[in-house]
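K.L.:
Same order as they appear, the protein sequences are chains A and B. Going by our numbering, 311 is the number at position 311 of the first sequence; the sequence numbering is gapless. Going by our numbering, 198 is the number at position 198 of the second sequence; the sequence numbering is gapless. Even glycine gets a Cβ: it sits at the ideal position worked out from N, Cα and C. These numbers were taken from a predicted model, which means no experiment stands behind them. Below is a structure I'd like to ask you about.
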Amino acid sequence: MSSVRFRVLPRAALSFAEHSLRRTTEKWLTIALLTLPGMIIFLMFLLIPIFQSSYYSLFKWNGFGPPTDFRGLSNYIDLFKDSVFIRSILNSLILMSSSLLLQLPLALGLALLVGRGRLFGRQLFRAILFIPYIFSEVITALIWLYVLHPNMGLMNRVFEAIIPNFKYIAWLADRNIALYAIFLVLTWKYFGFYMILYMAGLQSIPKELEEAGRIDGCNEFQVLRFVTIPLLGRTIRLTIFLSVLGSFQQFVVVWILTQGGPVNATSTIATYLYKYGIQRFALGYGSAVAVVLFCITLFFSLGYQRIVMYQDYVLRD
Amino acid sequence: MINYATATTAAPSQPKRWQINSRRLLINILKYAILTFVALIVLAPTLTAVLGGIRTTGEFLAEPFGLPKSGIQWQNFERILTNPAFWNAFGNSLLLTAGVTTIGVTLSACLAFVFSRIQFLGKGLLFNVLSLGLLFPLVVAILPIFIQIRQIGLINSLWGVILPMVAFSLPGSVVILRSFFMAIPTELEDAAYIDGCSTLGFFRFILLPMARPAIAAVATLQVISAWNEYFLPLLVLNDPKLWPLPLGIMQFQGQYGSEWALIMTYITILIIPVVVFYIFTQRFIVTGLTGGELKG
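Right, here's the structure in full:
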C-alpha cells in the first residue's frame, strides 16, 4: 500500500501485469537488501549456536574435531549430581531474591525522592546515582577489590572509624559473607539503572490523579500505596523481569572479585560454566550447563510474560 | 496543596500556612540528608580510586582519603601512558567499539525500517524469530558462541568479538528503533512517495534524519556495552596484542598486583573519558534505556 506511486505522465505504457510484477520484485529486493545482512549475522552468531548446543550437550567432547563420543543424557545426570552446580544455582537464586527484596525497593525509594516535586539539584543527584551503571564491570570490580580488601580496604577503615572495637572482616574470603559482599557491589553498580526506569515511570503518571487522592482525604502514604505504586505497575513488572534475568548472568564482577571462591561459596551458574566447561575444555558438559541455563531463562521469561506482563503489551499496542 | 488549604474558608482545624511551610522544609531537609548520604556511598569508592591514583602506594594504603603530601605522583600517569601495551589496548578498544556500533546501528536501523514500514508475507514470523534473541543475553549463551566462533575460525580475530556482539545487540536495538519509526506519521511517507521518492530514498533521506535522537540513543548504549565488554574478548582473543582495555587492565593488575596506586592510576585514566562521555550523552542514554519517556 505504501508503494503506491502517482505519476502524472506514465513513462512508458506498461501493462498492468508487467507493472505490478516489477513492483513486486522491487519490493522483495528492497526487503532482502535490508533484512538479509542483519538476519544472517543474527542466525549465525546467536540462534544457530544456541540450538546446536543442545546437540553437543549429548556428547563427551573436548572441542577438537567433531563430537563423536555419544553419551546420551549422562552430562545432565552428572550435572545434577554435582553439589557445586546445585550450590551455583542456589547462589544465583540468593542474588536474585536479594535484588528483588532490597535493590529494587531501594531504587524505587530513591526515584520517589529524586523524581517527585521540585527539588533543587535534582539533575545532579540523578547524574551521580547513575554513574556506576556506565562504569565497566571490570573497573567496578577492581575498585571494590580494593574497598573490600581485608587489611587496608576502605570498608574496614570506615567501620573502624565508626564502630569502636571493630574487628576487620575479610569480606571476600569469608564463606558466609562473600556472597553478600558481592551483592553489595552489584547493588552499587545497578540500582541507578532501575532508579532511572522508575523515574521514567513516575513521570508518566499525571499529577492530577495524586492530587485527587489528597482531596479525597488520603494521607501521603495512602496516596503512594493506592495511587502512585499501582500506576507504576508496568515499570515495576518490567524491572522485576530485568532484575531476575540479570541475576542469572552475573559473571565478570564475581569472577574478578572471588573467582567463585572461597570453596565455591560465590559460584554462580555463569562462573560454573566458565570454570568447568570452558577452562577444562569439557565443551559437551559445558553445553549441558548452557542448556539448563537456557531452560531456566526461557521458562521464566515466557511464563512471566504470559502471566504477568501480557496486560502491559495489550494496553500498549 | 497550599491553594486548597487556604481556599477552604471555615475550617479551624486546618493547619496554618507557616506550619505547612515548616513541615515542607523538614521533609526537604530529610530528603537532602538521605540523597547526600547515598550519593556519598556511590562516590566514595570512585573518589578513593582517583585519590589513590595521584599518590604513592604507601600514602594510599595508609589513608584512603588523604591528600597527596609528597606532591601529585605524575610518574604514575607517565608509567602507564608511556606503556605501549596501554596504547595498543586503547586502539583495540576503539576498533572494537567503532565496529560494533557502526555495524550494529546500521543493521538494526535497516531491520527496524522493514519491520515498521513495509508489509510483506512472513513479517510477523521474522520479527518473532528476532525477538527470540531478547531471551538470550550474551553471558548465558557464551559457550555456544565460543564453539561457533572456533568452528568458523574467528578465534584470535576482532571479528570474532564484533559479529557476536552485533548479533546480540540486534533484537534490543530493533525493538527500540521500530517503536520510534512507527511514531513517524504515515502521511509523511505518502507525501514522499507522491513526490516520486523510492522506498529506500524515503528511509535514507526522511526517516533516518527524523529519527536521529533514537539512533543516537541506540548508538550510545552500543558504545558503552562494546567499550566495557570483557567476557567475550576473554574467550575469543588469546593474543595479548589484540586485547581491548578491560583485558589490558586485568593483565596490568596481574603484573603490578601489589602496586595499588598504579592500578588506581590506570582506573582513573579509564574513568575520565567515560565520565566525560557520560556528561555529554546522558540525554541519549536515558532516552535509550527508558524508550524516550524520561525527560529533563
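Quick one: residues in its chain with C-beta nearer than 6 Å to the C-beta of residue 112 of chain B, no 5 flanking neighbours on either side, listed in chain order?
P.N.:
The residue labelled residue 112 of chain B in the question sits at position 112 within the second sequence. Only 174, 177, 178, 181 meet the Cβ criterion.
K.L.:
Can you name, in chain order, every residue of its own chain whose Cβ lies under 7 Å from the Cβ of residue 226 of chain B, other than the five neighbours on each side?
P.N.:
By one-based count along the second sequence, residue 226 of chain B stands at place 226. Closer than 7 Å at Cβ, skipping near neighbours: 96, 97, 100, 101, 165.
K.L.:
Tell whether a beta-carbon distance below 8 Å holds between residue 260 of chain B and residue 60 of chain B.
P.N.:
As a first step, residue 260 of chain B must be located in the second sequence, where it is residue number 260. As a first step, residue 60 of chain B must be located in the second sequence, where it is residue number 60. In this structure, residue 60 of chain B lies closer than 8 Å to residue 260 of chain B by Cβ.
K.L.:
Just tell me which of B/192, B/28, B/93, B/27 has its CA closest to the CA of residue 249 of chain B.
P.N.:
Residue 249 of chain B sits at position 249 when you count from the first residue of the second sequence. The shortest Cα separation from residue 249 of chain B among B/192, B/28, B/93, B/27 belongs to B/93.
K.L.:
Mind checking whether residue 213 of chain A and residue 221 of chain A have CB atoms under 8 Å apart?
P.N.:
To locate residue 213 of chain A, count along the first sequence from 1; it is residue 213. To locate residue 221 of chain A, count along the first sequence from 1; it is residue 221. It is not a contact, given that the beta carbons lie outside the stated cut-off.
K.L.:
Does residue 294 of chain A get closer than 8 Å to chain B when you measure Cβ to Cβ?
P.N.:
If you number the first sequence from 1, residue 294 of chain A lands on position 294. Taking Cβ atoms only, chain B reaches closer than 8 Å to residue 294 of chain A, which makes this a yes.
K.L.:
Check whether chain A comes within 8 Å of residue 260 of chain B, counting only Cβ atoms and requiring the distance to be less than that.
P.N.:
Here residue 260 of chain B refers to the residue found at position 260 of the second sequence. Yes - at least one Cβ of chain A is within 8 Å of the one on residue 260 of chain B.
K.L.:
With DSSP as the reference, identify every bridge partner of residue 60 of chain A, one or two as the case may be.
P.N.:
Stepping through the first sequence from its first residue, residue 60 of chain A is reached at position 60. Residue 60 of chain A pairs with A/69.
K.L.:
For the alpha helix (DSSP H) containing residue 19 of chain A, list its first residue and its last residue.
P.N.:
For the purposes of this step, residue 19 of chain A is taken as the residue at position 19 of the first sequence. Run containing residue 19 of chain A: 16-42, per the alpha helix (DSSP H) assignment.
K.L.:
So, with DSSP's three-state summary, where would you put residue 93 of chain B?
P.N.:
In the second sequence, counting from the first residue as 1, residue 93 of chain B sits at position 93. If DSSP states are grouped into helix, strand and coil, residue 93 of chain B belongs with the helices.
K.L.:
Pull up the distance between the alpha-carbon of residue 51 of chain B and that of residue 264 of chain B, whole angstroms please.
P.N.:
On the second sequence, position 51 is the one that residue 51 of chain B refers to. On the second sequence, position 264 is the one that residue 264 of chain B refers to. Computed Cα separation, rounded: 8 Å.
K.L.:
Do the CB positions of residue 141 of chain A and residue 256 of chain A come within less than 8 Å of each other?
P.N.:
Taking the first sequence and counting its residues from 1, the one referred to as residue 141 of chain A is at position 141. Taking the first sequence and counting its residues from 1, the one referred to as residue 256 of chain A is at position 256. Cβ atoms of residue 141 of chain A and residue 256 of chain A: closer than 8 Å.
K.L.:
Counting only beta-carbon atoms, is residue 162 of chain A nearer than 8 Å to chain B?
P.N.:
The residue given as residue 162 of chain A occupies position 162 in the first sequence. No, its Cβ sits nowhere closer than 8 Å to a Cβ of chain B.
K.L.:
Is the separation between the beta-carbon of residue 254 of chain A and that of residue 271 of chain A shorter than 8 Å?
P.N.:
What you label residue 254 of chain A is simply residue 254 of the first sequence in a count that begins at 1. What you label residue 271 of chain A is simply residue 271 of the first sequence in a count that begins at 1. Yes, the pair counts as a contact, with Cβ atoms nearer than the cut-off.
K.L.:
Using the C-alpha atoms, what's the distance from residue 107 of chain A back to residue 38 of chain B?
P.N.:
Residue mapping note: residue 38 of chain B aligns to position 38 of the second sequence, counting from 1. Residue mapping note: residue 107 of chain A aligns to position 107 of the first sequence, counting from 1. Going from the Cα of residue 38 of chain B to the Cα of residue 107 of chain A covers about 11 Å.
K.L.:
What first and last residue would you give for the alpha helix (DSSP H) that runs through residue 287 of chain B?
P.N.:
In the second sequence, residue 287 of chain B corresponds to position 287, counting from 1. Where residue 287 of chain B is concerned, the enclosing alpha helix (DSSP H) stretches over 260-290.
K.L.:
In chain A, what lies closer than 9 Å to residue 31 of chain B by C-beta?
P.N.:
Along the second sequence, read from residue 1 onward, the residue named residue 31 of chain B stands at position 31. Near residue 31 of chain B (Cβ distances below 9 Å), the residues of chain A are 113, 114, 117, 119.
K.L.:
Compare the C-beta of residue 56 of chain B with all C-beta atoms of chain A and state if any pair is closer than 8 Å.
P.N.:
Sequence index remark: in the second sequence, residue 56 of chain B carries index 56 (1-based). Taking Cβ atoms only, chain A never reaches closer than 8 Å to residue 56 of chain B, which makes this a no.
K.L.:
Which chain B residues are close to residue 31 of chain A, counting only those with a beta carbon under 8 Å from its beta carbon?
P.N.:
Here residue 31 of chain A corresponds to residue number 31 of the first sequence, with the count starting at 1. Here the neighbours are 114, 118, 120.
K.L.:
By how many angstroms is the C-alpha of residue 221 of chain B removed from the C-alpha of residue 132 of chain B?
P.N.:
As a first step, residue 132 of chain B is located in the second sequence; it is residue number 132 there, counting from the start. As a first step, residue 221 of chain B is located in the second sequence; it is residue number 221 there, counting from the start. Approximately 20 Å, taken between the alpha carbons.
K.L.:
Of all the CB atoms in chain A, is at least one closer than 8 Å to the CB of residue 253 of chain B?
P.N.:
Along the second sequence, read from residue 1 onward, the residue named residue 253 of chain B stands at position 253. Answer yes: the Cβ-Cβ gap between residue 253 of chain B and chain A drops below 8 Å somewhere.
K.L.:
Could you list the residues in the stretch 129-150 of chain B with a C-beta less than 9 Å from some C-beta on chain A, going in chain order?
P.N.:
Listed by position, the residues of the stretch 129-150 of chain B near chain A (Cβ gap below 9 Å) are 129, 130, 132, 133, 134, 135, 136, 137, 138, 139, 140, 141, 142, 143, 144, 145, 146, 147, 148, 149, 150.
K.L.:
Can you find a CB in chain B that lies within less than 8 Å of the CB of residue 56 of chain A?
P.N.:
For this step, residue 56 of chain A is matched to residue 56 along the first sequence. Chain B, which has a Cβ nearer than 8 Å to the Cβ of residue 56 of chain A, makes this yes.
K.L.:
Looking only at its chain, what residues have a beta carbon closer than 8 Å to the beta carbon of residue 209 of chain A, apart from the 5 residues adjacent to it on each side?
P.N.:
Against the first sequence, residue 209 of chain A aligns to sequence position 209. If we look at residue 209 of chain A and ignore the five residues flanking it on each side, its Cβ neighbours are 227, 231.
K.L.:
Can you tell me whether DSSP reads residue 175 of chain A as helix, strand or coil?
P.N.:
Translated into the one-based positions of the first sequence, residue 175 of chain A becomes position 175. Coil.
K.L.:
Are the C-beta atoms of residue 280 of chain B and some chain A residue less than 8 Å apart?
P.N.:
Position 280 of the second sequence holds residue 280 of chain B. With 8 Å as the cut-off, residue 280 of chain B does not count as an interface residue toward chain A.
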